[in-house]
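> Before I ask anything, let me first share the structure, which is written out below as structure tokens.
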Amino acid sequence: NVALSVTPPPIKPPNSPADRLEPITVTGTLAEPVPGCLVVQADSGRWELAGSLPEGVGVGDRVQVAGRPAPEVGGSCGAPVIRVRDVRPL
């Protein structure tokens, strides 16, 4: 009998703590409660956005935002931060 290694193959470590968090989708209205502070006011609460918006989307628009929670980002709006992957107007 040949002994087989029971050591699992190495797993690539995540790039940042946020990479371990599941992607989320939030639907709500874009707002700017204070200058430079872009948030989505959703039924589940307020979420600060880190990233850029597509052309033609702005404050007051109803949107669906897909991204990952970014707890390592110090937000300036007093809300949890989402690192934006996609924004779709509704």
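According to the working numbering, the residues represented by the sequence shown are -9 to 80, in order. Ideal placement from N, C-alpha and C gives every residue a C-beta, glycine not left out.
(1) Within 10 angstroms of the Cβ of Leu80, are there 16 or more other Cβ atoms? Answer buried if so, exposed if not.
(2) To which residues of the same chain is Asp76 closer than 6 Å at the C-beta, ignoring the five residues directly before and after it?
(3) So Val49 and Ala32 are supposed to be a Cβ contact under 8 Å. How far apart are they, rounded?
(4) Give a yes or no on whether the C-beta atoms belonging to Ala69 and Val29 are separated by under 9 Å.
(5) Closer than 6 Å by C-beta to Cys67: which residues in its own chain qualify, once you throw out the five before and the five after it? Chain order, please.
(6) Rounding to the nearest angstrom, what Cα-Cα distance links Leu11 and Ala40 in this structure?
(7) Give me the DSSP bridge partner(s) of Ala21.
(8) Leaving out the 5 sequence neighbours to the left and right, which residues in its chain are closer than 6 Å to Arg36 when beta-carbon positions are compared?
So, to answer that:
(1) Its Cβ having fewer than 16 others within 10 Å, Leu80 is exposed.
(2) Cβ neighbours of Asp76 beyond the five flanking positions: Ala56.
(3) So it is not a contact: roughly 15 Å between Cβ atoms.
(4) At the C-beta level, Ala69 and Val29 come within 9 Å of one another.
(5) Counting only Cβ-Cβ distances below 6 Å, and skipping sequence neighbours, we find Cys27, Val29, Glu38.
(6) Taking the Cα positions, Leu11 is about 16 Å away from Ala40.
(7) Per the DSSP secondary-structure output, Ala21 pairs in a beta bridge with Val29.
(8) Excluding residues within five positions, the ones whose Cβ falls inside 6 Å are Val29, Ala69.
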